[in-house]
Amino acid sequence: MQFALSGGRRLRHAALAARKLALEDGRTVTRKELSAAAREASKALDLRPAQRAVLSELVACWGEQEWERLLVWPSNDYLMSRTGLTERAIRRILRQLVDLQLIAPKDSPNGKRYAVKDLAGQVVDAFGFDLTPVYARRGDWAVVLMEQKQLREVQKRAFDEVTICRRATEEALSALSEHFPDVDRSEAETRLKALQARTPARSRLTLPADLLDAWQLLRTDVEEVFYKVGKAGLGVLHTNNNNGSPSEPCNKGFPKKAEAVRSTEQASEHLSPELILEACPTISDYGQPVRDLADIVSAGRYLRASLGAHESAWAEAVEDIGTVRAAIAVIYVLQLYEDDVAKNGGESRIKNPGGYFRALTRMVKSGKIDLAVELLAMRRRRMS
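With the sequence shown counted from 1, adding 3 to any position gets you this note's numbering.
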């Protein structure tokens, strides 16, 4: 198949460069492969939506013929109907795609686009546009996309560092205001406002080169001022928030004895302290003997903090399923977590035990989970 130009189109250097690109010997290209290459080219070159639309329609016209060149011949009227663009816009975008070395024109003697068929009606040649450059340059697109990804990572780290410096500076100024109100902070606050005004939003691709250095310098200066006026930390007084009596024992965090379990909250016979001790040996972390349900409640309230569960989660559980079952749920989740850690080499699939406890209590309330059944199953697994 010969590649001929009529000479009626203005000669472009990009068109000549694109014509030199070729497929590998014996290479056949599917429409799916060509579409993937076109999408990567659109991202790599940051094509505008209208340019992407026209390129996509050209690719859609490829009939997967086993030719040396990837030729398509859609008319401007067809491209207008498919994209909604005017003819003038179509012509302009086609020139732009040629300049970008994405397509190469192959002009006919009369300047029109059409296919050449043999006597049997098979298409053997065509005049229109050659999409070979889009596919032949797919290695270039991969390199550009990788460079763009690396640049985004660098910029992300730079913006993250700016955020860290900003927060540290604000914290240091706040500490100066609280502990050393007589220290002049006006110059540092002025620099802070100026840098905040200069710092672009994260949506911007680039960060001014000197901006990160300026943030780091401001942070260092403000923290150094705080360090010096505080006499290396010796001048900052400790804030005493302990309003309790100094005669109280240090182990007051251990509940001496839980309040009596109300009759309405008595657990079923399957939720006996013996079952809980056998199924959940982690209750030994409580450090106190467990003899009855009141001790179970004390242990649950004490071990709640080990789950990282907020006090509101405990209050919600007590209100929804009662104090006894709330305590048993704490012990059960803690045992699940520790078993999972031991089974998976130090890593548990339960990433948030406190959230798991909250979800468990809601399922117990709705009847989706029976704590007695779960504890019996856990004891069987442990005994086996």
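No residue lacks a Cβ here, since even glycine has one placed at the ideal position from N, Cα and C. Here the structure is a predicted model, which means the values were calculated and not measured.
*asked:* Within 10 Å of its beta-carbon, does residue 31 have 16 or more other beta-carbons around it, so buried, or fewer, so exposed?
replied: Counting Cβ neighbours within 10 Å, residue 31 comes out exposed, since fewer than 16 surround it.
*Where does residue 51 land, buried or exposed, given buried means 16+ other C-beta within 10 angstroms?*
Residue 51 should be labelled exposed.
*Using alpha carbons as the reference points, say which of 156, 162, 137 and 49 lies closest to residue 201.*
Comparing C-alpha distances from residue 201 to each of 156, 162, 137 and 49 shows the shortest one belongs to 162.
*In the structure shown, what three-state DSSP assignment does residue 311 receive?*
Per DSSP, reduced to three states, the secondary structure at residue 311 is coil, with no helix or strand assignment.
*Check residue 183 in the structure and name its three-state DSSP category.*
Reduced to three states, the DSSP call for residue 183 is coil.
*Taking the alpha helix (DSSP H) that residue 115 falls in, what are its first and last residues?*
In the DSSP assignment, residue 115 falls outside any alpha helix (DSSP H) and carries neither an H nor an E.
_Using the three-state DSSP reduction, which class does residue 109 fall into: helix, strand or coil?_
In the structure shown, residue 109 sits in a strand (DSSP, three-state: E or B).
*Report back the beta-carbon spacing between residue 129 and residue 74 to the nearest angstrom; my notes put them in contact at under 8 Å.*
Between residue 74 and residue 129 the Cβ distance is about 4 Å, and since that is below 8 Å, they are a contact.
*Label residue 199 either buried or exposed according to how many other C-beta atoms from any shown protein chain fall within 10 Å of its C-beta, with 16 as the threshold for buried.*
Label assigned to residue 199: exposed.
*Give the single residue among 58, 178 and 40 whose Cα lies nearest to the Cα of residue 86.*
Taking each of 58, 178 and 40 in turn and checking the Cα distance to residue 86, the smallest one comes out for 58.
*Cross-strand partners of residue 323 (DSSP beta bridge)*: DSSP lists no partner for residue 323.
*Count the other CB atoms within 10 Å of the CB of residue 356; is the residue buried (16 or more) or exposed (fewer)?*
Burial is judged here by how many other beta carbons sit within 10 angstroms of a residue's own beta carbon; residue 356 has at least 16 and is buried.
_N-terminal and C-terminal residue of the alpha helix (DSSP H) that residue 376 is part of_ = Where residue 376 is concerned, the enclosing alpha helix (DSSP H) starts and stops at 374 to 386.
*What does a CB cutoff of less than 7 Å around residue 134 pick up in its chain, not counting 5 residues either side in sequence?*
Same-chain partners within the cutoff: 37, 61, 62, 65, 73, 75 and 106.
_Terminal residues of the beta strand (DSSP E) in which residue 293 lies_ = For residue 293, there is no enclosing beta strand (DSSP E), as DSSP marks it with neither H nor E.
*In the DSSP assignment, what are the bridge partners of residue 66?*
The secondary-structure analysis by DSSP pairs residue 66 with nothing; it has no beta-bridge partner.
_Classification of residue 89 by the beta-carbon crowding that lies within 10 angstroms, buried from 16 upward_ = By the Cβ neighbour-count rule, residue 89 is exposed, with fewer than 16 other Cβ atoms within 10 Å of its own.
_What residue range does the alpha helix (DSSP H) around residue 224 cover?_
Where residue 224 is concerned, the enclosing alpha helix (DSSP H) stretches over 212 to 232.
*Can you round the beta-carbon distance between residue 324 and residue 285 to whole angstroms, since I take them to be within the 8 Å contact cut?*
That pair is no contact at about 20 Å.
*asked:* Only counting the same chain, and skipping five residues up and downstream in sequence, which positions put a Cβ closer than 6 Å to that of residue 372?
replied: Hits under 6 Å: 366.
*Determine the DSSP secondary structure at residue 246, reduced to helix, strand or coil.*
No answer about residue 246 holds up, because its pLDDT of 48 lies below 50 and its placement is not dependable.
_Within 8 Å, do at least three Cβ pairs link the region 153 to 169 to the region 207 to 218?_
The answer is yes - the region 153 to 169 touches the region 207 to 218, with three or more Cβ pairs under 8 Å.
_With a threshold of 8 Å, are at least 3 pairs of Cβ atoms found where one atom belongs to the region 292 to 305 and the other to the region 340 to 347?_
Flag = no, the region 292 to 305 and the region 340 to 347 do not touch.
*Where residue 326 falls, given that 16 or more other Cβ within 10 Å makes a residue buried*: Under this definition residue 326 is a buried residue.
*Classify residue 127 as helix, strand or coil using the three-state DSSP reduction.*
Taken through DSSP and simplified to helix, strand or coil, residue 127 comes out as strand.
*From residue 231 to residue 211, what does the alpha carbon distance come to, in whole angstroms?*
A direct Cα-to-Cα measurement between residue 231 and residue 211 gives close to 31 Å.
*Quick one: what does DSSP say residue 74 is sitting in, helix, strand or coil?*
Note: residue 74 maps to strand in three-state DSSP.
*Would you mind sorting residue 112 into buried or exposed? The rule is 16 or more other CB atoms within 10 Å of its CB.*
In the assembly as shown, residue 112 is an exposed residue. Its beta-carbon has fewer than 16 other beta-carbons within 10 Å.
*What residues match up with residue 133 in a beta bridge as DSSP calls it?*
Per DSSP, 74 and 107.
*Using 8 Å as the threshold, is the region 172 to 180 in touch with the region 94 to 105, meaning 3 or more CB pairs across them?*
Taking 8 Å as the limit for Cβ pairs, the verdict is that the region 94 to 105 does not touch the region 172 to 180.
*Tell me whether residue 78 is buried or exposed, calling it buried when 16 or more other Cβ atoms sit within 10 Å of its Cβ.*
Flag for residue 78 reads exposed.
*Leaving out five residues before and five after residue 67 in sequence, what residues of the same chain have Cβ atoms less than 8 Å from its Cβ?*
If we look at residue 67 and ignore the five residues flanking it on each side, its Cβ neighbours are 31, 32, 33 and 34.
*Exposed or buried, residue 315, counting other C-beta atoms within 10 Å across all chains shown (16 or more means buried)?*
Exposed, because fewer than 16 other Cβ atoms sit within 10 Å of the Cβ of residue 315.
*asked:* Suppose the cutoff is 8 Å on Cβ atoms and the five residues either side in sequence are ignored; what does the same chain contact list for residue 93 look like?
replied: Residues of the same chain with a CB within less than 8 Å of the CB of residue 93, apart from the 5 flanking positions on each side, are 57, 79, 82, 83 and 86 in chain order.
*Under the three-state reduction of DSSP, which class applies to residue 159: helix, strand or coil?*
If DSSP states are grouped into helix, strand and coil, residue 159 belongs with the helices.
*Return the CA-CA distance between residue 187 and residue 205, expressed in angstroms with no decimal places.*
If you take the alpha carbons of residue 187 and residue 205, they lie about 32 Å apart.
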